[in-house]
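Residue 396 in full-length UniProt numbering sits at position 396 of the sequence shown; the count goes up by one each step and never skips.
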Amino acid sequence: MTVIIQGFKSYREQTVIEPFHKGHNVVVGRNGSGKSNFFYAIQFVLSDEFSHLRPEQRQALLHEGTGPRVLTGFVEIIFDNADGRFPIDRDEVFLRRVIGAKKDQYFLNKKMVPRNDVVNLLESAGFSRSNPYYIVKQGKINQMATAPDSHRLKLLREVAGTRVYDERKEESKSILKETEGKKEKIDEFLKTIEERLKTLEEEKEELKEYQKWDKKRRALEYTIHDRELNDTRKKLEELEARRKRSGQGSEALRSKLREAEKNAKQASRELKEIRQTVNQAKEEKQAIQLELQQLMQEKTKLENRERDLDEEMCGDKNSKKRAEQELDKLNATIKQKEEELRRVKPEYEELKKKEETITKELALKEQKRKELYAKQGRGSQFTTKDERDKWITGELKMLNKRIKDKIEDIDRLSKELDSDARKKIELEDDVERMSGEVESYKSSIDEYNKRYYELKKQRDQHHSERNELWRKESSLQQSLSLKNEEMNKCEGEFRSMAGREIFNGRNSVLQVLETFKNRNGYDHIVRGYHGLVLENIRCDEGTETAVEVTAGKRLYYHIVETDEIGSTILKEFNRQKLPGEVNFMPLNRLMVSNINYPKDPNVIEMVRVIKYEDKYDKSVRHIFGKTLICRELEAAVKTAKTHKFDCVTLDGDKVASKGVLTGGYYNTSRSSLEIQKRRGAVQTEKRNLESEMSDLKRELYAIEEKIKEIGAELQKNETKNSKIKIHLTKSKLTFV
């Protein structure tokens, strides 16, 4: 026996214990060297003591120490099975138990097995689960020696490995008991089957009698049905004759039906257009009402402005009249005063001369009086001549000083008068210059106001143009919405006719082509794809059903220039893992031969009723080249049999060249060609509307830019006008 331990208790690294001796083996070592853990390792695999471990108990059995944490551990025991003690046909038996934080597994010969299989194997080899005699602890021998005989007998049986057979014996007894119960049920079931067989024998005799009479009944029914069949054939021949006679009437009714359907479609289209026109008219009405409200507001503002200006003009006129009246009064007063002045002035001059003369005489008299008083005073004032002379000298000095001050005052006043004269001239120049500036400012303000009104007029005109374009844009947008709805409806009908796989395939191919458009070097792929057969053909009116019946699903085949282009598209299709089903018709691979058609007035070649471009000739002849259109089913049958061509009627009844006849009712309102025709017309109208919308948006953008430019110019004009008004106000204040 060999023991291998790793990650268990104190054994971190893998430890292999050399094969044990067949006799006795002794484990010797210091305390803490792992003797007990080695014993626990053997007990861990063989004993039932470590059978049910909780997570924390499993974690406690793993190695704990320095270094990385141990996540799993195992103990493996290799048994020598040369004597065949284990019921396994091998010389060595490998038994390993692996534990971790979340696992506890057993491996037998390198294969994971359940724990019960391991326990049964050990018990069959003599390793008892309930009484592990092979692991003898301290005091175990004393316990076994003092145990009663029954316990020792039980132990011997476990050592001999007979307990397993006892358990199997009990299991066999229980299985035998169950088998006896099942046997009784089977006996009862057999009795029921025998009774049922008797009943079936009786029913068998009745069935034979029934079959005899049923044979006679079927013979009678056959005779009756044969007679009814003959009568029905006669009626059918009569109906066929009536059908032939009513063929022309059916054709007329069919043409009337087509005409009615066409009229219904036309009426529906006209109704949509009328509704669209009504909606446009409503929107235009709302826009015009809004514009009318804006114009009424502007009119009210202009009327208020006109009223204010009229009031200002009236006030100015009244002020002018009052000023003229006052001016007349002042002129009259001035004339009166001038007359009085002319009349009074001579008297005034004469009296002024008298006043001056009298004033001079008075001054002389006053001077003499003062001199006399002075002489009189000085005579009494001064006692000596020297005192008098001294006083006179002082008076002369004082008088000279006064004279000098007066002269200085005269010079100063003369200078001030000269300065005032110069200032007067300068002020007159300033007044003249400022008057010119004021006039210039007024003319500039008038020009700016004129320019402002011109710009405003242009802006209003552009606003009205923009509003008109907005109305057109709204109308076009509504028309586009209706076209999109019609397009979605056509797409839905197209999908229902083609099927989901073909419809998804068509969309996936278009997606692949978009991918190639965004890549360099794949323009030839995009140009080499020509669309579906359905999209590239047109047919005469009334032949749609015959064409669709002939083509079938081939109407949805994709036409490509070469097989290389088809392969490239298909590779990209598969690379992107796109959904759908696609079938390609490479024009370079289609082999079409010239066909000699029969000259029969009752038939026409189908390729003659189909309109297409010359480059699609191969694809059209490949599909429709071997098919003829016949007026009636009898002519189709006869032509197909005689000339070996596939024939089809306008109603869709088809006769193959090999004699197969197919037909039935076809709903002409659900025609793929008709849907494609409507779809193509809607697409064309939608593209035209989108082109018109694009042009309209460019025109709107140009008008928006013009409005912005005019707005900016108006802002600049207003700023300059405000600055000039500020300068004018300052000039007036300075002038005042």
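Ideal Cβ placement from N, Cα and C applies to all residues, glycine included.
Taking C-beta separations shorter than 8 Å and ignoring five residues to either side along the sequence, the partners of residue 572 in its chain run 512, 515, 516, following chain order. Scanning its chain for C-beta atoms nearer than 6 Å, with the 5 sequence neighbours on each side dropped, one finds around residue 35 the residues 27, 29, in chain order. Unbroken beta strand (DSSP E) runs of no fewer than 3 residues, entirely contained in the region 597-662, are found at 603-605, 627-630, 646-649, following chain order.
Residue 121 is positioned such that its CB atom lies closer than 8 Å to that of residue 86. It is roughly 29 Å from the alpha-carbon of residue 348 to the alpha-carbon of residue 414. Contact between residue 606 and residue 550 holds: CB atoms are separated by about 6 Å, below the 8 Å threshold. Contact fails between the region 634-646 and the region 437-454, because fewer than three Cβ pairs, one in each stretch, are under 8 Å apart. Counting along the chain, residue 528 sits inside the alpha helix (DSSP H) bounded by residues 523-528. Under a 10 Å Cβ-count criterion, residue 636 is classified as buried, with 16 or more other Cβ atoms of the shown protein chains found around its own Cβ.
Here the alpha carbon of residue 541 sits roughly 39 Å from the alpha carbon of residue 522. Straight-line spacing of the CA atoms in residue 505 and residue 578 works out to 8 Å. The distance from the Cβ of residue 38 to that of residue 97 is about 15 Å, inconsistent with a contact at the 8 Å cut-off. Contact between the region 581-590 and the region 548-564 is present: three or more C-beta pairs spanning the two stretches fall below 8 Å. DSSP places residue 531 within a strand segment (E or B) once states are collapsed to three. Residue burial annotation: residue 592 is exposed, with fewer than 16 other C-beta atoms found within 10 angstroms of its C-beta. Look at the beta carbons and you see the region 450-466 touching the region 695-706: at least three pairs across the two are nearer than 8 Å. Boundaries of the beta strand (DSSP E) harbouring residue 6: 2-6, taken from the DSSP string.
Within the model, the alpha-carbon separation for residue 674 versus residue 470 is close to 36 Å. Taking a 10 Å sphere around the C-beta of residue 652, we find 16 or more other C-beta atoms and assign the residue as buried.
Residue 529 places its beta carbon 8 Å or farther from that of residue 502. In this chain, the alpha helix (DSSP H) harbouring residue 55 covers 55-61. Your pair residue 629 and residue 543 checks out as a contact, with CB atoms roughly 7 Å apart and the cut at 8 Å.
Around the beta-carbon of residue 510, fewer than 16 other beta-carbon atoms lie within 10 Å, marking it exposed. Residue 481 is classed as exposed because its beta carbon has fewer than 16 other beta carbons within 10 Å across all chains shown.
Judged by DSSP in its simplified three-state form, residue 584 adopts strand.
Look at residue 390 here: in three-state DSSP terms it is helix. Here DSSP, grouped into helix, strand and coil, assigns residue 595 to coil. Distance from the CA of residue 437 to the CA of residue 457, rounded to the nearest whole angstrom, comes to 30 Å.
Secondary structure note for residue 541: it is in no alpha helix (DSSP H), with a DSSP letter that is neither H nor E. Judged by DSSP secondary structure, residue 91 falls outside any beta strand (DSSP E); it is assigned neither H nor E. Taken atom to atom, the span from the alpha-carbon of residue 127 to that of residue 176 is near 29 Å.
For residue 108, the beta-bridge partners assigned by DSSP are 95, 111. Between the region 14-24 and the region 47-56 there are fewer than three C-beta pairs closer than 8 Å, too few to call the two in contact. In terms of Cα proximity to residue 566, the closest of 615, 589, 547 is 589. Counting along the chain, residue 42 sits inside the alpha helix (DSSP H) bounded by residues 35-46. The beta-carbon distance between residue 682 and residue 483, rounded to whole angstroms, is 6 Å. This is short enough to meet the 8 Å contact definition.
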